[in-house]
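To keep things clear, I will list the structure first and then write my remarks on it.
Right, dumping it as structure tokens:
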């Protein structure tokens with residue numbers, strides 16, 4: 001690890017000012033579960049660490065007046081697991097409860113995972129899949145970015161140096177009637193080989209009014225399977241339809257021409273399976 | 289260099305340390321609690337697990353500065369009353385002794401229920417992963433007193449053991465869970481009696 005100065009501000013504007021003053025050499029640290037690993041390998045070598053642990057505004061969660069779920073970016077997975085979210089927001093807790101391992105979940109944060117933007121992590125795919133957006137603060141001002149635009153296609157995020165992710169906001173309970181996150185990994189504590197998210201809304205006749213399918217780990221950023229999502233709308237889905245949709249997602253996200261290595265062919269098969277599982281579970285939730 | 293104070297197993301430890309000092313290094317090298325083991329240094333193996341304010345963390349992946357001022361419990365904190373000074377216990381002194389607990393000057397009833405279950409169920413061979421296993425399972429069983437074997441396996445998914453094949457560790461955890469339930473029920477009934 002390269003030597004650094006550790007700063008622990010107690011307010012957001014103080015943290016923003018510190019990051020601004022130290023420029024590109026400074027990095028914010030929340031739980032540090034990814035950053036410290038990178039620093040030990042000297043992949044990351046910041047000369048200043050600005051700890052976000054003292055910023056009370058960045059922890060915890062609440063519902064906005066309009067019904068959006070606002071989660072502080074430095075909220076740990078452990079806190080998300082014990083939060084009693086209602087309706088489909090409960091899937092956020094379920095995903096947090098099934099990633100990494102128990103000690104890592106004590107320190108790891110939702111915002112940290114989004115900023116790390118590892119395509120195999122669960123939170124980026126979940127945030128894009130459920131149409132979340134993030135609030136950021138920097139010396140240049142505050143802005144809100146849809147999660148789908150947060151991740152650069154070539155990897156990483158579009159956040160500027162010194163920009164702090166402050167809040168992750170998920171849409172209101174009315175946005176979806178059912179959501180499901182599915183993933184496959186070799187061992188329980190591994191990152192996903194492929195993950196799939198399905199969020200859908202049914203109309204009064206139990207037809208799909210609106211659907212989103214998002215795949216994680218198949219590219220440098222979460223991939224929205226727009227064509228597959230559109231194919232779902234306006235239909236009452238049967239088991240046969242769901243199998244076809246899984247195949248359609250395979251073709252859309254990892255067509256045979258792109259699945260050149262055995263690993264990618266394996267991922268391609270997983271896309272089909274996981275999209276089927278995600279749609280099935282989201283539908284079950286929506287219909288019950 | 290920065291001065292920090294941590295409470296480790298109830299004892300306050302203050303030292304001036306390099307910013308890069310990991311919690312693991314603070315516990316072992318500054319405070320001298322060598323029960324917390326350095327296995328992989330990359331948050332994989334779980335040998336370094338300790339509790340910070342009652343929450344389990346992997347101390348190799350946390351800066352000491354991140355937890356400055358907080359209270360840490362290591363494996364030594366599970367049953368502190370039984371420990372003789374550290375220099376009396378060596379590999380040699382343990383090797384020739386038929387009953388290792390005697391060598392430690394300990395009694396099975398002094399041990400934490402998990403420690404005595406590990407002893408009873410033969411849940412360790414080389415013992416390197418044991419401090420981490422004990423700490424993670426303590427944290428888990430306190431929150432989940434009635435786990436299934438599958439739950440226990442998931443709880444220790446971040447702890448690697450290369451000797452036992454995990455079978456006996458799960459046995460010990462299930463056994464300890466029952467002991468801890470009995471102890472908790474006993475504590476409840478005494479409390480009820482006191483209320484009455």
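Protein chains in written order, with this note's numbering: chain A, 1 to 288; chain B, 289 to 484. By construction, the Cβ of each residue, glycine as well, lies at the ideal position given by its N, Cα and C atoms.
Taking Cβ positions only, does residue i come closer than 8 angstroms to chain B?
| i | result |
| --- | --- |
| residue 25 of chain A | no |
| residue 80 of chain A | no |
| residue 212 of chain A | no |
| residue 123 of chain A | no |
| residue 189 of chain A | yes |
| residue 36 of chain A | yes |
| residue 250 of chain A | no |
Using a cut-off of 9 angstroms between C-beta atoms, extract the partners of residue i located in chain B.
| i | result |
| --- | --- |
| residue 32 of chain A | 349, 350, 351, 354 |
With a CB to CB cut of under 8 angstroms and the five nearest residues on each side skipped, what residues in its chain are close to residue i?
| i | result |
| --- | --- |
| residue 100 of chain A | 33, 77, 108, 189 |
| residue 287 of chain B | Because chain B in this structure spans residues 289 to 484, residue 287 of chain B falls outside the shown range and cannot be described. |
| residue 95 of chain A | 122, 123, 126, 181 |
| residue 297 of chain B | 321, 360, 361, 362, 364, 365, 368 |
| residue 118 of chain A | 34, 124, 191 |
| residue 422 of chain B | 363, 366, 400, 402, 403, 406 |
| residue 86 of chain A | 173 |
| residue 373 of chain B | With a pLDDT of 49 at residue 373 of chain B, under the threshold of 50, the modelled position of this residue cannot be trusted; read the value that follows with caution. Here the set comprises nothing. |
| residue 325 of chain B | 335, 336, 416, 417, 419, 420 |
| residue 18 of chain A | 7, 9, 26, 48, 50 |
Does any residue of chain A bring its CB to less than 8 angstroms from the CB of residue i?
| i | result |
| --- | --- |
| residue 445 of chain B | yes |
| residue 415 of chain B | no |
| residue 329 of chain B | yes |
| residue 290 of chain B | yes |
| residue 370 of chain B | At residue 370 of chain B the pLDDT is 47, less than 50, meaning the model places this residue with poor confidence and gives no usable figure here. |
| residue 408 of chain B | no |
| residue 308 of chain B | yes |
| residue 373 of chain B | Unreliable placement is indicated for residue 373 of chain B, whose pLDDT of 49 sits below 50; the coordinate value is still reported in the next sentence. No, no contact with chain A. |
| residue 365 of chain B | no |
For residue i, return the contacting residues in chain A, with the cut-off set at a CB-CB distance below 7 angstroms.
| i | result |
| --- | --- |
| residue 467 of chain B | None at all; the shortest Cβ gap to chain A is about 21 angstroms. |
| residue 424 of chain B | 102, 103 |
| residue 428 of chain B | 102 |
Would you give the residue range spanned by the alpha helix (DSSP H) that residue i belongs to?
| i | result |
| --- | --- |
| residue 281 of chain A | 262-287 |
| residue 153 of chain A | Where residue 153 of chain A is concerned, there is no enclosing alpha helix (DSSP H), given that its DSSP letter is neither H nor E. |
| residue 195 of chain A | First-last for residue 195 of chain A: 194-202, but that is the beta strand (DSSP E), not the alpha helix (DSSP H). |
| residue 98 of chain A | Careful: residue 98 of chain A lies outside any alpha helix (DSSP H) and carries neither H nor E. |
| residue 300 of chain B | From DSSP, residue 300 of chain B is part of no alpha helix (DSSP H) but of the beta strand (DSSP E) over 299-305. |
| residue 418 of chain B | 418-431 |
| residue 40 of chain A | 35-40 |
What are the start and end residues of the beta strand (DSSP E) that includes residue i?
| i | result |
| --- | --- |
| residue 135 of chain A | 133-138 |
| residue 210 of chain A | 208-216 |
| residue 68 of chain A | Premise fails: residue 68 of chain A is in no beta strand (DSSP E) and is neither H nor E. |
| residue 231 of chain A | No beta strand (DSSP E) holds residue 231 of chain A; the alpha helix (DSSP H) holding it covers 226-232. |
Near residue i, what residues of its chain come up, given a Cβ to Cβ distance below 7 angstroms and the 5 sequence neighbours on each side ignored?
| i | result |
| --- | --- |
| residue 218 of chain A | 194, 253, 254, 267, 271 |
| residue 203 of chain A | 209 |
| residue 136 of chain A | 142, 143, 145, 159, 163, 164, 165, 166 |
| residue 172 of chain A | 66, 67, 68 |
| residue 184 of chain A | 192, 193, 194, 270, 274 |
| residue 97 of chain A | 81 |
| residue 286 of chain A | 177, 178, 200, 202 |
So, at 6 angstroms on beta carbons, what are the nonlocal neighbours of residue i in its own chain, with the 5 sequence-adjacent residues on each side left out?
| i | result |
| --- | --- |
| residue 371 of chain B | Reliability of the predicted coordinates at residue 371 of chain B is poor, the pLDDT of 48 falling under 50, and the value obtained from them is presented with this limitation in mind. If we look at residue 371 of chain B and ignore the five residues flanking it on each side, it has no Cβ neighbours. |
| residue 467 of chain B | 401 |
| residue 2 of chain A | 45 |
| residue 327 of chain B | 333, 335 |
| residue 149 of chain A | none |
For residue i, go through chain A and note every residue whose CB falls closer than 8 angstroms to its CB, in chain order.
| i | result |
| --- | --- |
| residue 313 of chain B | The contacting residues do not exist; residue 313 of chain B stays about 11 angstroms from chain A at best. |
| residue 242 of chain B | A question about residue 242 of chain B goes unanswered here, because the residues of chain B that appear run from 289 up to 484. |
| residue 334 of chain B | 101, 103 |
In chain B, which residues lie less than 7 angstroms from residue i when you measure between Cβ atoms?
| i | result |
| --- | --- |
| residue 106 of chain A | 343, 344, 345 |
| residue 184 of chain A | The contacting residues do not exist; residue 184 of chain A stays about 16 angstroms from chain B at best. |
| residue 1 of chain A | 308 |
Give the residues of chain B in contact with residue i, contact being defined as C-beta atoms less than 8 angstroms apart.
| i | result |
| --- | --- |
| residue 4 of chain A | 307, 308 |
| residue 177 of chain A | The contacting residues do not exist; residue 177 of chain A stays about 30 angstroms from chain B at best. |
| residue 51 of chain A | 353, 354 |
Give the residues of chain A in contact with residue i, contact being defined as C-beta atoms less than 9 angstroms apart.
| i | result |
| --- | --- |
| residue 442 of chain B | 98, 101, 102, 188 |
Is the region 299-314 of chain B touching the region 323-338 of chain B in the sense that three or more CB pairs, one from each, lie closer than 8 angstroms? yes
Under 8 angstroms: do the region 196-215 of chain A and the region 176-184 of chain A share three or more Cβ pairs, one atom per stretch? Cβ pair count under 8 angstroms is three or more, so yes.
Is the region 432-446 of chain B touching the region 350-365 of chain B, taking contact as three or more C-beta pairs under 8 angstroms? no
Any contact between the region 50-61 of chain A and the region 69-84 of chain A? By contact I mean 3 or more CB pairs, one from each, below 8 angstroms. yes
Would the region 234-250 of chain A count as touching the region 289-304 of chain B if we require 3 or more Cβ pairs under 8 angstroms? no
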